[in-house]
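Residue numbers (my numbering): 55 to 244.
Glycine residues also receive a C-beta, built at the ideal position from the N, C-alpha and C atoms.
In structure tokens form, the structure reads like this:
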């Protein structure tokens, strides 16, 4: 069995296990979506995206706070490297903008000698290269790291790695973080 075939088989198994883990972790948990940046799926039709002059993939746009956008400029150009144009996004306060790749984020907050990682951002399993997938560090609400061995649905997958779950400061995530859910039977009053 070739290394490429084995890697593809492991990636498929990991994807399936992450899907099962996330979809069944809670009774009302949303289903996992697979993050496939538009420019990697159909590169012949997608424009190039830049946030504060940093090139990003279309899939990464959801990791930026829309309230911080100052300007969006659509450029039609004859650049052979970007034949479908360019979308330039300028944020209001660039000092507050700290773009970081997922691997840089992982190395910053987890032990450098740590195992390889799989990433889930806002419930979406990231299949793009973690060295090219970027997020605004200031827009992160929480980061949780799980050992693959501690996730029941991943125990059968060969390899030792971490699963990194990142929640952004989206309106939906902030509302969930600020709510309190109480479960249980109603106490009888005497």
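Using a Cβ-Cβ cutoff of less than 6 Å, which residues in the same chain neighbour residue i once the five nearest sequence positions on both sides are dropped?
i, result
"residue 230", "none"
"residue 174", "219"
"residue 227", "195, 221"
"residue 128", "141"
"residue 235", "none"
"residue 125", "144"
Select from the options the residue whose C-alpha is nearest the C-alpha of residue i.
i, options, result
"residue 220", "192, 208, 120, 124", "192"
"residue 182", "103, 102, 110, 101", "110"
"residue 104", "118, 123, 140", "140"
"residue 160", "212, 197, 121", "197"
"residue 211", "235, 237, 172", "172"
Could you name the residues of the same chain whose beta carbon sits closer than 7 Å to that of residue i, not counting the 5 residues immediately before and after it, in chain order?
i, result
"residue 279", "In the structure displayed, the chain extends from 55 to 244; residue 279 sits before or after that span and is not available."
"residue 209", "203"
"residue 237", "none"
"residue 81", "With a pLDDT of 42 at residue 81, under the threshold of 50, the predicted position of this residue should be treated as unreliable, and no value is reported."
"residue 108", "153"
"residue 169", "214, 215, 216"
Which whole-angstrom value is the C-beta distance of residue i and residue j, which I expect to be below 8 Å?
i, j, result
"residue 100", "residue 138", "6 Å"
"residue 136", "residue 102", "4 Å"
Is it buried or exposed for residue i, if we count other Cβ within 10 angstroms and need 16 for buried?
i, result
"residue 180", "buried"
"residue 146", "exposed"
"residue 216", "buried"
"residue 233", "exposed"
Taking 8 Å as the cut-off, decide whether the C-beta atoms of residue i and residue j are in contact.
i, j, result
"residue 205", "residue 164", "no"
"residue 185", "residue 202", "no"
"residue 194", "residue 156", "no"
Ordered along the chain, which non-local residues of its own chain (more than five positions away) have a Cβ less than 8 Å from that of residue i?
i, result
"residue 106", "143, 144, 145, 148, 151, 153"
"residue 88", "Because residue 88 sits at a pLDDT of 45, beneath the cut-off of 50, its placement in the model cannot be relied upon, and the following sentence gives the value as read from the coordinates. So the list reads 69, 178, 179, 181, once near-sequence residues are dropped."
"residue 79", "Caution is warranted here: a pLDDT of 44 is assigned to residue 79, below 50, making its placement in the model unreliable, and no coordinate value can be reported."
"residue 123", "143, 144, 145, 146"
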